[in-house]
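Numbering (the numbering used here), first residue to last: 335 to 549.
Using N, Cα and C, we set each Cβ at its ideal position, and we do this for glycine too.
Bear in mind the structure is a predicted one, so any value in this text is a computation, not a measurement.
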Amino acid sequence: MAPRIMLRGLTGKTTPFTKAIFLINGKLSGLENRVKEIKSAVQLFDYCTAQSSAISNPFNQFESWTFIAARDMVMSINHFMKELIAANDMAIQLPELREHLDRAAMGKARKEFDEAFPSYAKLRHAVAHAGELAKNLDAFEENAYSGPNISNLMLQNGLINRQYTYTFEGKFISCEISEASVEKITAIMNQFFSAFQSIPSPIEIPKEPDQPPHQ
């Protein structure tokens, strides 16, 4: 379960600190929601793959849904990292939180994410801007793959076994649509959550500096 930073002495008045805590709590909950989305996408992918294989027509609705599941997973992985970065950056900017955070755990979570999903940002861009990757000859040549015995291979929205694949900026980029990917991102989430374990609960709301009287 996502950690939640509780506040002592909360009144109806909001301050920059209470607003920041509200946003951080939202981002931490958001991480959990993104993992649920990713898990659901893999379950949909697996279900549709099984149903599609039982139908003689290769161009069936279940096959189309596997691509929808793959695209949704790619986007959710990107959103997961955006939520993590936002929670990380806002938390370390607050002195009242910073001294209680496990900065090593936060860094480890980001490192493990980069290792598990190295192409996440480029793949998200390719999915979101698929219609622009070959909008003209220059774009096609920039994004197509060329290598030994192959030239100008453009692959979009491709599934190679469980690898959801695009060619982008002259390279193959992919993401594995599998339970293994779910396990990796769940472990990353839990690693990041552990960084907040030592924050006092509830934590005192800092007093705002006195405002000079109006002249």
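Assign residue i to one of three DSSP states: helix, strand, or coil.
i           : result
residue 547 : Note that residue 547 scores 49 on pLDDT, short of 50, meaning its location in the model is unreliable and no value can be drawn from it.
residue 541 : coil
residue 490 : coil
residue 504 : coil
residue 510 : strand
residue 427 : coil
Taking the alpha-carbon of residue i as reference, which of the options has the nearest alpha-carbon?
i           : options            : result
residue 512 : 361, 378, 528      : 378
residue 500 : 471, 530, 482, 463 : 463
residue 424 : 503, 360, 367, 455 : 360
residue 486 : 342, 496, 475      : 475
residue 443 : 519, 351, 405      : 519
residue 372 : 386, 354, 411      : 411
Report, in whole angstroms, the separation of the C-beta atoms of residue i and residue j, which I expect to be a contact under 8 Å.
i           : j           : result
residue 338 : residue 539 : So it is not a contact: roughly 15 Å between Cβ atoms.
residue 542 : residue 383 : No, residue 542 and residue 383 are not in contact; Cβ-Cβ is about 56 Å, not under 8 Å.
residue 431 : residue 533 : 6 Å
residue 448 : residue 528 : Their Cβ separation, rounded to whole angstroms, is 18 Å, which puts residue 448 and residue 528 out of contact at 8 Å.
residue 385 : residue 396 : 4 Å
Exposed or buried, which one is residue i when buried takes at least 16 other CB atoms within 10 Å?
i           : result
residue 525 : buried
residue 467 : buried
residue 355 : buried
Could you check whether the Cβ of residue i sits closer than 8 Å to any Cβ belonging to chain C?
i           : result
residue 506 : Among the chains in the structure shown there is no chain C, since it carries only a single protein chain.
Please go through the same chain and pick out, in chain order, the residues whose beta-carbon is closer than 8 Å to the beta-carbon of residue i, but skip the five residues on each side of it.
i           : result
residue 489 : 479, 499, 500, 501, 506
residue 376 : 403, 407, 511, 512, 513, 515, 516
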